[in-house]
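J.: Residue numbers (the numbering used here), protein chains in the order written: chain R, 30 to 200; chain P, 4 to 507; chain H, 6 to 352. In this text, a Cβ means the ideal position worked out from N, Cα and C, and glycines have one as well. Quick caveat: nothing in here was measured; it's all calculated off a predicted structure. Pasting a structure here, questions to come.
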Amino acid sequence: MLGAVLTLAVPAFAAGFGLAWAARRLPADEEPLTERIDALLPQTQCAQCGYPGCRPYARAIADGSAGINQCPPGGEQTIRALAELLGREALPLDPACGTEPGPQVAVIREAECIGCARCLPACPVDAIVGAPQYLHTVIERECTGCELCLDPCPVDCIDLVPVRPVPGAES
Amino acid sequence: MTAPTEGLSRLHGGLRLPAQKTHSTGAPIREVAVAPRLIMPLGRKAGAAARPLVAAGDRVTRGQRIAEGRPPVSANVHAASSGTVAAIEDRPAPARDGGAVPCILIDTDGDDRLHEDCRPLPDSITRDPAALAGAVEDAGILGLGGAAYPTAPKLAEGLGQGLEALILNGAECEPCISCDDRLMREQAADIVSGARLMLTILGIRECLVAIESDKPEAWQAMKAAVAEAPEGIRLVQLPTVYPSGGEDQLVRLLTGREVPSGGLPADVGYLVHNVGTAEAVARLAASGEPLVSRVVTVTGDGIAEPGNYRVRLGTPMADLARAAGGYTERAACLIMGGPMTGVSLPHDDFPVVGATNCLLFTREPPAVSGEPERPCIRCGECARVCPVRLQPQQLHRHAGPVDEEALALFGLDDCIECGCCDLVCPSHIPLTRSFRRAKAALRLKAHERRKAERARHRFEARERRLSRREQAARERQEDVRRQAGAEAIREILERRRRGRGDED
Amino acid sequence: MRFRTVHLPLLRPKTGVGEVMRQVLYALAPAAAVYVWFFGPGLLFNVLVAAVFCLGSEALILRIRGMPVAPALEDYSAVVTAVLLAFALPPLTPWWVTATGSIFAMVFAKHLYGGLGYNVFNPAMAGYVAVLLSFPVAMTAWLPPRMGDLDYEGLSLLESLGYVLAGRLPEGVTLDAITRATPLDSVREGLREMRIFAEIRTNPLFGDFGGRGWEWIDNFIALGGFWLLYRGIIRWHIPVAVLAGVLVPATIASILQPGLVPTPGFHLFSGATLLCAFFIATDPVSAATSPAGRLLYGFGIGLITWAIRTWGGYPDGVAFAVLLMNMAVPAIDRYTRPRIAGHGRST
């Protein structure tokens, strides 16, 4: 009977240890992993995750120093996609990072804009056009709704409005 | 008398459906009087509308161009009858997503005379492919088979492609619809004439006319019309199977060639046009009249006098229904199109448009409460009847929740939404509906992905710009420091020299 | 005027899952009647007990899952599982063996995977194998067929009932006395004793081409199968493939070792070959989906059945063959995807 037990147990343990060693020692490509993670992020560049942009956050996830549940604009969908890619647990969104907004864009109330140009450098995707002393406006098509322009505005003339879904994309 | 069916390839799947056409095929096409108010949409979607050429208050005559199209998304629009432009405003389009499109509203005056610019086309135009193509484009002719794609751009797509033949689609495979049947019976000569004109534009000589075997009278009429001038035109009889009238399916049946996924029949050497479109081209050549009317099948047990009616485009559906005897007490639902692929409309204030091949007024379909929707039992009947050789059970599995990769693998984009799979599913799963939803979800995802890509590029460009600026600033600081450093060192040396000088 | 908006297509499917399952039951009814004629009322008791426990355990687990019970029971899938299980079990099976098999089939093989449409394994076969492995002795209680010339008096209806429910046999009768080996058992024993097939066949248990009584039942099973084919409830791919999977190796073996192996005909008309080909392997949920996949799947079942009968430790390999091929279905499906129109080959 001992023979039977050993015949089954020894190869099983050997295989198990072998797999664990391979997972740890054999190099997994670091760089392409960052790319793959970045491709799943919404590119809002809002820094709510604590990193200055989506690419730095992706890098942090790839080397294990960040959790996958820190992206509010990505929301549950992104967390689940990351969980599936990395084989990690899909935790709920970390409330310290923010809440999941719906699709939204910033709109400048042009009547109140004083042309101070403080919001221009704040936009991570250069979606605000304008110049000092000139009217500023947000290019709706390029705005990711990251909310970074709200703080710098001294007269609080920027609103966040929900966007309509794409026509023809509804059922 | 049997008709030639040799040379036909097999269509995978498909169903034999109860035709339900006899309600409407009994009588000849009736002309409908012009409605008092016409609503002429300028396009199918808001962003792709034609540009109005008239304004409220203008007088217009039948056939007058009232909007300029933007090929290939929209075609020229012509007044369907004489009258005064009441307004130009947005109205809901009779489509699945029901968005609003700008429409020109005309209050008709009963005069109905043809605009003076509309004259029969002389030989110099009808013999010249380019001029004829221009005339077809000017006339705003659309595909009248149900898709309403502008005809001139479609013909243009076929030019220079090495087309082998033009295929005239007289299949009309969907139940209830019979407008093409009656058109072939009554105006076969016009259809053939239109086909010849299209051949002239395309610069080819071969034309295949496909007619399903359940239309023997249409077959005879077309045969007689072709016999008068048979060069190049061949009639082919199709077995009565739904959906043999689908463009890709028709090409496969007649020629054995498969249209590549995402491609067009022109890619394999064929162009498909509806027989109604051919008649519209013939009408243009004969009288100069642009596209202002079409034949619509009005049928179902919710209408008093089912039949086929030639009606002006822009006629409100309510007016057409009245012309067809009005509603019976069984009129609970209005379907534009057929019972398989049509659109269920919420009211009858929509105008008849180029895509309106049929108005089906029915009672409510049998309630589903008889059998609830059950999970898929993987019986495979759906795959058996799919004309595109898809596996609907796999598509359904990956449609909720949406698995993009799997759906692409199983060919969701190739689904023609014919509805065959729905009809054979023992679990009563609304498959076509779930595929439509999945397609919409994928479109949304693709849109979001494109948006994210753009945001990423802009972010990276901005990062590069900022770091360049920073770099430039640092270099300037370095220069200043170096300058300052050089100055300081010189001063120290000076002081030392002076100090040493003092000590001396 | 306003109208109700509805979903298209307007036409509705002509059949439903309940109807499909009921047709399967109708198709099995003649075979069941013949079975009872030859082997006594044991089958009916099996069916009853299995049905009660299949429906009951399905209802219970649906309750636990918080899902509506009535629609699921009304699809008759539990009844079909019960009937197939009853056919697989010997006629003199104690009720608690049948019950265990039923519960295992419904709870473990079906509902723990997600219920109808989600089970990987054929529930009836999973239930059968579970009791085969757990109660091997009880699974040998096969009866000889009622034949005029055989020296055999079967149990009466009440006596059968008494055994099934309470394990009691009439005075002086032991289980060993009334049960006999099945034809497949005999063949296996005989071949091991190095007797040639022709000699084994002289055993009065053997009929013209299969086991006595069994060949009749199998004929009616085949008729039921043809009925299902005619009605379009099942398609030809799996039955043909299963039969080919049995007949091809059997024929080859007959050619290579004439007389020393059972004839192909015997393989066809004994054991559960025909029942498997038309009723068991054709369970759509656990079978492959594409036509090519089904041919592969069916052939695999036939082949493994033949292999187990020839070399394996059990007289009939149908149940194991089905379960093993069930395991292979995801891979089969993946590699036998039909080519979509417009993809792949050049036109």
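Can you pull out the residues from the stretch 425-441 of chain P whose beta carbon lies closer than 8 Å to at least one beta carbon of chain H?
T.: Listed by position along the chain: D425, L426, V427, C428, P429, S430, H431, P433, T435 and R436.
J.: Taking 9 Å as the CB-CB cut-off, is A160/R touching chain P?
T.: no
J.: Judging by CA-CA distance, which residue of G106/H, A36/H and G347/H is the nearest neighbour of C59/H?
T.: G106/H
J.: For a cutoff of 9 Å on Cβ pairs, would you count S12/P as touching chain H?
T.: no
J.: Considering just the uninterrupted stretch of the beta strand (DSSP E) at Q133/R, what are its terminal residues?
T.: Q133 to I137
J.: Flag Q72/R as yes if its beta-carbon sits less than 9 Å from any beta-carbon of chain P, otherwise no.
T.: yes
J.: Run through DSSP, which three-state label would F4/H get?
T.: This structure leaves residue 4/H out entirely; chain H is present only between 6 and 352.
J.: Suppose you measure from the CA of L137/H to the CA of E105/R; what does that come to, to the nearest Å?
T.: 47 Å
J.: Look at I170/P and M187/P and say whether their C-beta atoms are less than 9 Å apart.
T.: no
J.: For the stretch 449-461 of chain P, which residues have a beta carbon sitting closer than 7 Å to at least one beta carbon of chain R?
T.: Contact annotation: in the stretch 449-461 of chain P, residues whose CB is within less than 7 Å of a CB in chain R are H450, A455, R457, A458, R459 and R461.
J.: Taking 9 Å as the threshold (C-beta atoms), are E292/P and C121/P in contact?
T.: Result yes, Cβ atoms of C121/P and E292/P sit closer than 9 Å.
J.: Starting from the beta carbon of V323/H, find every residue of chain P whose beta carbon is closer than 7 Å, and list them in chain order.
T.: Here the premise fails: no neighbours, minimum Cβ distance about 21 Å.
J.: Given a threshold of 16 other Cβ atoms within 10 Å of its Cβ, counted over all protein chains shown, does T331/P qualify as buried or as exposed?
T.: T331/P is exposed by the Cβ-count criterion.
J.: Can you check the stretch 358-432 of chain P for any beta strand (DSSP E) of at least 3 residues that lies completely inside it and give the ranges in chain order?
T.: 361-365
J.: Find the nearest neighbour of L202/P within the set L469/P, A38/P and R130/P, judged by alpha-carbon distance.
T.: Looking at the Cα atoms, R130/P is the closest of the given residues.
J.: Tell me which residue opens and which closes the beta strand (DSSP E) that Q72/R is part of.
T.: Per DSSP, Q72/R belongs to no beta strand (DSSP E) and is neither H nor E.
J.: Mapping DSSP to helix, strand and coil, what is H211/H?
T.: It is worth fixing the name first, because residue 211/H is Phe in this sequence and not His. Strand.
J.: Just mark Q74/R as buried or exposed, buried being the case when its beta carbon has 16 or more other beta carbons within 10 Å.
T.: buried
J.: Where does G137/P fall in DSSP's three states?
T.: helix
J.: Could you name the residues of chain H that E407/P contacts, counting a contact when the two beta carbons are closer than 7 Å?
T.: None at all; the shortest Cβ gap to chain H is about 17 Å.
J.: Using the beta-carbon count (16 or more within 10 Å), is T10/H buried or exposed?
T.: exposed
J.: Any idea if S372/P is buried or exposed, counting beta-carbon neighbours within 10 angstroms, 16 or more meaning buried?
T.: Note on S372/P: pLDDT 48, under 50, position unreliable in the model; no value is reported.
J.: Beta carbons nearer than 9 Å to chain P: which residues of the stretch 144-157 of chain R have them?
T.: P150, C152, P153, V154, D155 and A156
J.: For the beta strand (DSSP E) that contains I42/P, what are its first and last residues?
T.: R40 to P44
J.: Should A358/P and A151/P be called a contact, given that it needs their Cβ atoms to be closer than 9 Å?
T.: Yes, the Cβ-Cβ distance between A358/P and A151/P is below 9 Å.
J.: Would a check of beta-carbon distances place A464/P closer than 9 Å to chain R?
T.: yes
J.: Compare the C-beta of G50/P against all C-beta atoms of chain H and say whether one is closer than 9 Å.
T.: no
J.: Kindly list the residues whose CB is nearer than 8 Å to the CB of E408/P, restricted to its own chain and excluding five residues on each side of it in sequence; keep chain order.
T.: Beyond the five residues adjoining it in sequence on each side, E408/P comes within less than 8 Å, by CB distance, of no other residue in the same chain.
J.: Who are the near neighbours of S127/P in its chain, counting only those whose CB is closer than 6 Å to its CB and skipping five residues on each side?
T.: Sequence-distant partners of S127/P (beyond 5 residues in either direction) whose C-beta falls short of 6 Å from its own C-beta are missing from its chain.
J.: Using a Cβ-Cβ distance under 9 Å, would V364/H count as near chain P?
T.: The structure shown does not extend to residue 364/H, since chain H is modelled only from 6 to 352, so the question has no answer here.
J.: Report all residues from its chain with a CB closer than 7 Å to the CB of L434/P; omit the five preceding and five following residues, and keep chain order.
T.: These residues qualify, in order along the chain: C385, P395, H399, C424, D425 and C428.
J.: Counting only C-beta atoms, is G197/R closer than 9 Å to chain P at any point?
T.: Residue placement at G197/R is flagged as unreliable, the pLDDT there being 46, under the threshold of 50; the coordinate-derived value follows with that caveat. Yes, G197/R lies at the interface with chain P (some Cβ there is under 9 Å from its Cβ).
J.: Please report whether the beta-carbon of F8/H lies at a distance below 9 Å from any beta-carbon of chain P.
T.: yes
J.: Using only alpha-carbon positions, find the residue among E420/P, R472/P, A441/P and H460/P that is nearest to P14/H.
T.: E420/P
J.: On the criterion of 16 or more Cβ atoms from any shown chain inside 10 Å, does P105/P qualify as buried, or is it exposed?
T.: That one is buried.
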